[in-house]
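Enquirer: This structure is in structure tokens; I'll ask about it shortly.
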């Protein structure tokens, strides 16, 4: 029976400090409550003859004292917890992005270079890793207790989770949102490796075709080239360029939409644009793009998005 | 025992099944919820039996999923939410008010039949095909991917929800309109205040549950996409609507417990309740703030950061009134003349266990810690400490305290104390190891788990046996006391409160003439003056 | 059963005490009904927020003239019933019965227009969310969500209308039996509260369904 | 008394007219819920006139206020999440050329 959970990521010790602080406060309050209760039970039991003295009439001074103390302590705990939480939602820009797809009772993981894993996740240590996760059916939850992180994986949306592994080793991976019959078997292992080991592992499992390359093939297969042109540069003739927006340089740049809002063209925007194009229509284009919802599997979608992003300058993360 | 009590006033089946006497309806409810308590309890015992070995004693995960769902559904909607308000509440509210019955007696009887109908439909769905979604029915699992009788189960809960609304309306209107002459708002016992706060939550939260379950049933039948992202809906909408009801519902479970303990501790410390006004305003504050905090169930569910921050600070605010209550109970015991009868032991058990449950609530309200601790056995232990350690202990305390008034018989004192201690020990043995399991990361609702968690799980399953024995003990000696218990006097505890002015068991019309209230509710003189034999 | 002691049940001190209790009981029930529909309004906010374009497109497929006519009818019906309550308090039971009949007539017309005409045309256009939903393309999801809200809210409101009509009919029966006097008109007031609440729900539902989706 | 009812009836129809007219204004997509304003006023009128909130027992006003406050809690706090939910927080794109 081990009573100790390895703290294998950079934020794990901070979460542990918060939990130990909460534990300390709880034990202190428990000693106060249990101590007073036992003291009164013994000292003021009906048989004892000790002098009870005058009963305190005005109670509000005491009441406001312990209310104020509780409020102060709680506000401090809230701030500490909130600080950790907000940092959990701000992945550093240089994070290595790995795609995770939850499916009823298994985890599929895809690296940029095309390496694929089932119920396993190999990550380098001392480098921030950002998981971009979606689900193909019900809500799952990608949870790594040793890294003190978990986040629900929702169908129809991308959810992100980032951590920076610190100590190499193999740690548990659990699905912690009830997802059906074999929810208990939807587990796996997270292997944190030193940088060189990770590079060697990538080489061994390199399928020879990066996500972007796979995406290019799918781009042709699904007929995107018909409107957006061979390499997404909108077909040669100027007339056609009004049919569909140009794709090179799109990823990461601001896009102005009908209805007046402008948002950044990130993964979620590209996904929405493919699955229900009319929702986030670019200003100046007719809603003629068909919806690919239900036609394109999650893996293909991720690969096509990787390809579109590879057309833009800058990183192909 | 006076011959013409409400028990002997007509003994045909019809006089019981068509009664509008709040005391008889309370007994009908008491038998019903006891039945549901033991159904839910046996499901829990099977769940713990399965978790003895890492690969699970029950070989099929499907059966295990249906068992813990049954445990959740039956315990939440058919024992914890109704328990105190419908049994002790129905019996005592008119008596404590000095009234002859509740404001709408026929509505009260109708609410029992609704409760029964909802209960049978849910039991039918649980036993026929079983529901495998957990009592939280998260979509799209419950609407698109579940094989169980989810729609039937949801209809059953929908119907029993109206029984809660009816009870809530009855209590609120009765407390407003039927108080005895002289009983101003601040001369009312705290038990009535806590039932008032509970009824406010029942009336205002249950309708949202009704609509949520209706939307869920429509989605499951017609696949209309309200919650299914493939068709444009948002699964988080279901979670928001569900927890908008379900968090106030956990305060529906604990508030009556506060009321009972605030009655018992002054009675057995022979001392006035410390800070009466603070305890009263804390109950009202809990009823209001409990509606603002439901987001803390969804910190990792994918809601926005800002709403998580707002819900976290509000969750800390709702913990303050509960802390104030605990300090006031201790203040009451200070310089008191404490007697250790069974009700007092249960009440002290409540204070201890509820404090531990409440403090672990601070862990999961802190955003940083919640990310690690949520969806693990830490949360399971937290809400069992508050609900089983808190609410069920308070329910047993109230049951023993008012047993002479309800049945006219005294429960066997030594057996009562033995029951209290067994439950206290069995409870800790069952649920304390789960805190450690939760920190180590063992997820909840797992049919099989990794081997390193086995020792703590075996410890917890062993504790379940002691706890089960602890719960069967009162069932035995209370039933025994119905026939062979010593005759109870009208006021065995020399307690204050209008319910102790009438006979036990009280006549059908409660009071010969409506009592007048003159003083504060808890003026207990030190024992030299009021000798209790 | 409950033996009435001089026109009020035994647990009340006097008739006025019981009538006020019945009124406050109905008000509390209406508070719970408000939150029952409130959950549906939250679903409206979510669906319209995520699928704005499709949702409003779906809203433009509703028949606005019919909706507006129905609103006028329901407002008229609740004004007439309010007049009936005033007549009852003035002791003129014959007028009360007439007002009840008029209010019920308008209510029935509302239901006929809504379920007979409007739903019939909607079903003929296959507007109920399902396989043969006419609006294709990407806006389909949002439009279907709108019609989920449309059919569910009108069905629930219609159900409450039927209950309301039943209650008004019950008032007519009791008035005919002469149970109401100038002093004792509590049931008339209580049913008036319920009927006004049903009108309130429609007043809020009408713009959510017919107006907000339209516009330049 | 009948005059008060007729005035109420006229007021309600007037507000209904304003509402319908308002729906033709070129309001932006987001601002369309402003059309609900006349509806809220109408609900207030029906509450005050037909349900005579003012003359009934005091707790009627308590329950009416309670219903409104809880509705605001449900709709306000409930819609806080979708309105502020960043779909997919993407930091600025300045990553090293590692792959």
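Residue numbers (our numbering), protein chains in the order written: chain A, 194 to 510; chain B, 383 to 915; chain C, 1162 to 1377; chain D, 200 to 298.
By construction, the Cβ of each residue, glycine as well, lies at the ideal position given by its N, Cα and C atoms.
Which residues does DSSP list as the beta-bridge partners of residue 323 of chain A?
Expert: Stepping through the first chain from its first residue, residue 323 of chain A is reached at position 130. Bridge partners of residue 323 of chain A: A/290, A/355.
Enquirer: Quick check on DSSP: helix, strand or coil for residue 464 of chain A?
Expert: The residue labelled residue 464 of chain A in the question sits at position 271 within the first chain. Here residue 464 of chain A sits in helix by DSSP.
Enquirer: According to DSSP, is residue 681 of chain B part of a helix, a strand, or is it coil?
Expert: Taking the first residue of the second chain as position 1, residue 681 of chain B is located at position 299. Reduced to three states, the DSSP call for residue 681 of chain B is coil.
Enquirer: Determine the DSSP secondary structure at residue 335 of chain A, reduced to helix, strand or coil.
Expert: Looking up residue 335 of chain A in the first chain gives position 142. In this structure, residue 335 of chain A counts as strand in the three-state DSSP scheme.
Enquirer: To the nearest angstrom, report how far apart residue 506 of chain A and residue 460 of chain A are at their CA atoms.
Expert: Residue numbering aside, residue 506 of chain A sits at position 313 when the first chain is read from its first letter. Residue numbering aside, residue 460 of chain A sits at position 267 when the first chain is read from its first letter. If you take the alpha carbons of residue 506 of chain A and residue 460 of chain A, they lie about 16 Å apart.
Enquirer: Excluding the five sequence neighbours on either side, which residues of its own chain have a C-beta within less than 7 Å of the C-beta of residue 1254 of chain C, listed in chain order?
Expert: Counting from 1 along the third chain, the entry for residue 1254 of chain C is found at position 93. These residues qualify, in order along the chain: 1336, 1341.
Enquirer: Rounded to whole angstroms, what's the CA-CA distance from residue 1250 of chain C to residue 210 of chain D? Just pull it up for me.
Expert: Mapped onto the third chain, residue 1250 of chain C falls at position 89. Mapped onto the fourth chain, residue 210 of chain D falls at position 11. Computed Cα separation, rounded: 24 Å.
Enquirer: For the segment 526–580 of chain B, which segments carrying the beta strand (DSSP E) assignment without a break, of at least 3 residues, lie completely within its bounds, in sequence order?
Expert: None, since the segment 526–580 of chain B contains no complete beta strand (DSSP E) of that length.
Enquirer: Give me the Cα-Cα distance between residue 432 of chain B and residue 1375 of chain C, rounded to the nearest whole angstrom.
Expert: As a working note, residue 432 of chain B is residue 50 in the second chain. As a working note, residue 1375 of chain C is residue 214 in the third chain. Straight-line Cα distance between these residues: approximately 58 Å.
Enquirer: Using 9 Å as the threshold, is the C-beta distance between residue 1353 of chain C and residue 1243 of chain C below it?
Expert: Here residue 1353 of chain C refers to the residue found at position 192 when the third chain is read from its first residue. Here residue 1243 of chain C refers to the residue found at position 82 when the third chain is read from its first residue. Their beta carbons are under 9 Å apart, which means residue 1353 of chain C touches residue 1243 of chain C by this criterion.
Enquirer: Residue 282 of chain D to residue 572 of chain B, Cα distance in whole Å?
Expert: The residue you call residue 282 of chain D lines up with position 83 of the fourth chain. The residue you call residue 572 of chain B lines up with position 190 of the second chain. Distance between the alpha carbons of residue 282 of chain D and residue 572 of chain B is about 41 Å.
Enquirer: For residue 618 of chain B and residue 462 of chain B, I'd like the C-alpha separation in whole angstroms.
Expert: Along the second chain, read from residue 1 onward, the residue named residue 618 of chain B stands at position 236. Along the second chain, read from residue 1 onward, the residue named residue 462 of chain B stands at position 80. Near 26 Å, if we compare the C-alpha coordinates of residue 462 of chain B and residue 618 of chain B.
Enquirer: Please list the terminal residues of the continuous beta strand (DSSP E) segment that includes residue 449 of chain A.
Expert: Along the first chain, one-based indexing puts residue 449 of chain A at 256. Looking at the DSSP string, the run of the beta strand (DSSP E) that includes residue 449 of chain A is 447–449.
Enquirer: Output the boundary residues of the alpha helix (DSSP H) element that contains residue 362 of chain A.
Expert: On the first chain, position 169 is the one that residue 362 of chain A refers to. No alpha helix (DSSP H) holds residue 362 of chain A; the beta strand (DSSP E) holding it covers 362–368.
Enquirer: Please decide whether residue 391 of chain B counts as near chain C, where near means a Cβ-Cβ distance under 9 Å.
Expert: As a working note, residue 391 of chain B is residue 9 in the second chain. False, the Cβ-Cβ gap to chain C never drops below 9 Å.
Enquirer: May I have the straight-line CA-CA distance separating residue 1288 of chain C from residue 785 of chain B, to the nearest angstrom?
Expert: Residue numbering aside, residue 1288 of chain C sits at position 127 when the third chain is read from its first letter. Residue numbering aside, residue 785 of chain B sits at position 403 when the second chain is read from its first letter. Spanning the two alpha carbons is a distance of roughly 60 Å.
Enquirer: By Cβ distance, which residues of its chain are closer than 7 Å to residue 723 of chain B, with the 5 residues on each side in sequence left out?
Expert: Counting from one through the second chain, the residue named residue 723 of chain B turns up at place 341. Here the set comprises 650, 795.
Enquirer: Which residues in the same chain as residue 1378 of chain C place their Cβ atom closer than 6 Å to its Cβ, once the five residues preceding and following it in sequence are excluded?
Expert: The first residue shown for chain C is 1162 and the last is 1377, placing residue 1378 of chain C beyond what the model contains.
Enquirer: Are residue 237 of chain D and residue 215 of chain D close, meaning C-beta to C-beta below 9 Å?
Expert: Walking along the fourth chain from the start, residue 237 of chain D turns up at place 38. Walking along the fourth chain from the start, residue 215 of chain D turns up at place 16. Yes, Cβ-Cβ distance for residue 237 of chain D and residue 215 of chain D is below 9 Å.
Enquirer: Three-state secondary structure (DSSP) at residue 342 of chain A?
Expert: Looking up residue 342 of chain A in the first chain gives position 149. In the structure shown, residue 342 of chain A sits in a strand (DSSP, three-state: E or B).
Enquirer: Hey, could you find the ends of the alpha helix (DSSP H) residue 207 of chain A is sitting in?
Expert: Numbered from its first residue, the first chain carries residue 207 of chain A at position 14. Unbroken alpha helix (DSSP H) run through residue 207 of chain A: 204–236.
Enquirer: Is it true that the CB of residue 520 of chain B sits closer than 9 Å to the CB of residue 374 of chain A?
Expert: Here residue 374 of chain A corresponds to residue number 181 of the first chain, with the count starting at 1. Here residue 520 of chain B corresponds to residue number 138 of the second chain, with the count starting at 1. No, Cβ-Cβ distance for residue 374 of chain A and residue 520 of chain B is not below 9 Å.
Enquirer: Give me the DSSP bridge partner(s) of residue 868 of chain B.
Expert: Walking along the second chain from the start, residue 868 of chain B turns up at place 486. Answer by DSSP bridge pairing: none, since residue 868 of chain B is not bridged.
Enquirer: Contact between the segment 1345–1365 of chain C and the segment 1175–1189 of chain C: three or more CB pairs below 8 Å?
Expert: Flag = yes, the segment 1345–1365 of chain C and the segment 1175–1189 of chain C touch.
Enquirer: Going by DSSP, which residues form a beta bridge with residue 299 of chain A?
Expert: Within the first chain, the letter at position 106 stands for residue 299 of chain A. Per DSSP, A/296.
Enquirer: Given that a residue counts as buried once 16 or more other Cβ atoms are within 10 Å of its Cβ, and exposed if not, what is residue 1277 of chain C?
Expert: Indexing the third chain from 1 puts residue 1277 of chain C at position 116. Result: exposed.
Enquirer: Take residue 410 of chain B as the anchor and find which of B/494, B/720, B/437 has the nearest alpha-carbon.
Expert: Taking the first residue of the second chain as position 1, residue 410 of chain B is located at position 28. Among B/494, B/720, B/437, the Cα nearest to that of residue 410 of chain B is on B/494.
Enquirer: In chain order, what residues of the same chain lie with their CB nearer than 6 Å to the CB of residue 1326 of chain C, ignoring the 5 residues before and after it?
Expert: Start at 1 with the first residue of the third chain, and residue 1326 of chain C comes out as number 165. Contacts found: 1265, 1268.
Enquirer: Taking residue 1379 of chain C as the query, report the chain D residues whose CB atoms sit under 9 Å from its CB, ordered along the chain.
Expert: One cannot answer for residue 1379 of chain C here, as it falls past the ends of chain C, which runs 1162 to 1377.
Enquirer: Which residues bound the beta strand (DSSP E) around residue 315 of chain A?
Expert: Mapped onto the first chain, residue 315 of chain A falls at position 122. Segment 313–317, the beta strand (DSSP E) holding residue 315 of chain A.
Enquirer: Could you tell me if residue 431 of chain A is buried or exposed, where buried requires 16 or more neighbouring beta carbons within 10 angstroms of its beta carbon?
Expert: Reading the first chain from its first residue, position 238 is the one you call residue 431 of chain A. Note on residue 431 of chain A: pLDDT 42, under 50, position unreliable in the model; the coordinate value appears next. It counts as exposed.
Enquirer: Any Cβ of chain B within less than 9 Å of the Cβ of residue 470 of chain A?
Expert: In the first chain, the residue the question calls residue 470 of chain A occupies position 277. Cβ-Cβ to chain B under 9 Å: no for residue 470 of chain A.
Enquirer: Along the chain, where does the alpha helix (DSSP H) containing residue 795 of chain B start, and where does it finish?
Expert: Indexing the second chain from 1 puts residue 795 of chain B at position 413. Its alpha helix (DSSP H) spans residues 795–822.
Enquirer: Please confirm whether residue 457 of chain B and residue 426 of chain B have their CB atoms less than 9 Å apart.
Expert: Numbered from 1 along the second chain, position 75 holds the residue referred to as residue 457 of chain B. Numbered from 1 along the second chain, position 44 holds the residue referred to as residue 426 of chain B. Yes, the pair counts as a contact, with Cβ atoms nearer than the cut-off.
Enquirer: Please decide whether residue 281 of chain D counts as near chain B, where near means a Cβ-Cβ distance under 9 Å.
Expert: As a position in the fourth chain, residue 281 of chain D is number 82, starting the count at 1. At least one chain B Cβ lies under 9 Å of residue 281 of chain D.
Enquirer: Would you mind telling me which residues of chain C sit closer than 9 Å to residue 454 of chain A, beta carbon to beta carbon, in chain order?
Expert: Stepping through the first chain from its first residue, residue 454 of chain A is reached at position 261. Within chain C, no residue comes near residue 454 of chain A; the closest Cβ sits about 10 Å away, beyond 9 Å.
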